[in-house]
Amino acid sequence: MAYAELVEEAKGLSDNNTSIVVDFIKFLKEKENKNVEERKSNILAGNLKYIADDFDDTPDCFKEYM
């Protein structure tokens, strides 16, 4: 739905329903921002027990492609 269509639809609403729509839009924005923040956070932080010394080394089977 385009922005202009959203505005046109909102024009036909009563003041009470317009405020409900605005509240819902704020809710959606807050939810979206929260999801972005959750994706940015590292859920494995502090849970890493061991990492191999050669973790960053290229496996032998892939060396021919490099």
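Positions 0 to 65 (numbering that gives the first Met the number 0) are the ones given, in order, by the sequence shown. Where a beta carbon is used, it is the ideal one built from N, C-alpha and C, also for glycine. Remember, it's a predicted structure, so these values are computed and weren't measured experimentally.
Taking the continuous alpha helix (DSSP H) assigned at residue i, which residues delimit it?
i, result
"residue 10", "2–10"
What does a CB cutoff of less than 8 Å around residue i pick up in its chain, not counting 5 residues either side in sequence?
i, result
"residue 9", "17 and 20"
"residue 34", "none"
Between which residues of its own chain and residue i is the CB-CB distance below 7 Å, once the five residues before and five after are set aside?
i, result
"residue 52", "none"
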